[in-house]
Amino acid sequence: MRIFPLLDLGGFLSSYVEEIAVGLQRGGYAVEFQKVPYEFQRGGDQMIRIKHLTFTAADMANRAADLD
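Residues in the sequence shown are numbered from 68 upward in steps of one, following our numbering.
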């Protein structure tokens, strides 16, 4: 999945970007920030690329314990 653009209406990085990225990583997703060739608005040339990671049952148990 991809999220683009990452800017708010004022042209600044959205205040939600970091929170979303961290939440996705905790949920077992790889999150990458990538530059794109298209600029939706001035300075808006980055996207978040999200990929689901595969975990074993032991990995999931350890993740659950870390969240407690």
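Using N, Cα and C, we set each Cβ at its ideal position, and we do this for glycine too.
Being a predicted model, the structure only gives us computed values, none of them experimental.
Cutoff 8 angstroms; reference Gly78; Cβ partners in own chain excluding five residues on either side: Gln108, Arg109, Gly110, Gly111
Cβ pair Arg116, Gln101 closer than 9 angstroms: yes
Secondary structure of Gln101, DSSP reduced to three states: strand
Leu14, buried or exposed, once every other Cβ within 10 Å from all chains shown has been counted against 16: As displayed, the chain neither begins before 68 nor continues past 135, which places residue 14 out of reach and without an answer.
Three-state secondary structure assigned by DSSP to Leu73: coil
C-alpha distance - Ala88 paired with Ala125, whole-angstrom precision: 24 angstroms
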